[in-house]
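The working numbering puts the first residue of the sequence shown at 228, with every later residue one more than the last. We treat Cβ as the ideally placed atom computed from N, Cα and C, and that holds for glycine.
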Amino acid sequence: MSIKYKAQSDHTQRAESVLRNADVIGCRAFVTPNDIVKGNSKLNMAFVANLFNHYPALEPMEEEIEYIEETREEKIKALNCP
Numbered sequence: 228m229s230i231k232y233k234a235q236s237d238h239t240q241r242a243e244s245v246l247r248n249a250d251v252i253g254c255r256a257f258v259t260p261n262d263i264v265k266g267n268s269k270l271n272m273a274f275v276a277n278l279f280n281h282y283p284a285l286e287p288m289e290e291e292i293e294y295i296e297e298t299r300e301e302k303i304k305a306l307n308c309p
């Protein structure tokens with residue numbers, strides 16, 4: 228695995244390096260180097276989501292957080308909006 232991206236001036240070569248490293252950790256999916264360079268937002272988001280799904284770096288929650296649904300009026304009042 229290499230992290231010498233700044234040494235590469237060509238954006239396509241940088242993207243290829245990113246995808247090679249993603250392949251090493253089992254996360255190469257959804258995008259090509261051209262998708263990254265062109266900024267294909269949907270495919271890039273899917274690629275990043277895949278990385279986070281494989282390596283979230285968060286400890287699993289031990290207990291569920293209770294979600295309390297609020298009305299729009301309650302939200303406005305909580306934000307002190309007129």
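Counting C-beta pairs with one atom in each stretch, the segment 284-296 and the segment 255-266 have fewer than three that are closer than 8 Å, which means they do not touch. Linking PRO287 to ASN280 through their CA atoms gives a straight-line distance of about 12 Å. By the 16-neighbour rule on beta-carbons within 10 angstroms, ALA242 is buried. Under a 10 Å Cβ-count criterion, VAL258 is classified as buried, with 16 or more other Cβ atoms of the shown protein chains found around its own Cβ. Looking at the backbone, the Cα of ALA256 and that of GLU296 are separated by about 36 Å. The beta carbons of LEU270 and CYS254 sit no closer together than 7 Å.
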